[in-house]
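First up is the structure itself, then whatever we jot down about it.
In the UniProt record's numbering, the protein residues as written are 1 to 88.
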């Protein structure tokens, strides 16, 4: 079964449903179209980009927190003999 291809949504807004998305961005005839449907697609793309950046930022923060927590637990870990000799 062939893999499904993504089609250009700007062209689909104007009735051209067979325009593959790959390699089409620079030559899309509706790239600068001011109609409401195309504007809605452009806003959705901008929101998706913001979401991706936010997700990336939160993942980086969580990774940094995990690394710092791991370092703290490694620093606090002492052998059993040392733990029995002196209270922390």
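Glycine included, each C-beta is placed from N, C-alpha and C at the ideal position.
Residue range 9–13 is occupied by the alpha helix (DSSP H) that includes residue 13. Using a 10 angstroms sphere on the CB of residue 10, the tally of other CB atoms reaches 16 or more, which defines it as buried.
Your pair residue 37 and residue 19 does not check out as a contact, with CB atoms roughly 15 angstroms apart and the cut at 8 angstroms. Residue pairing by DSSP places residue 20 opposite 7 in a beta bridge. Burial state of residue 30 is buried, judged by a 10 Å Cβ sphere holding 16 or more other Cβ atoms.
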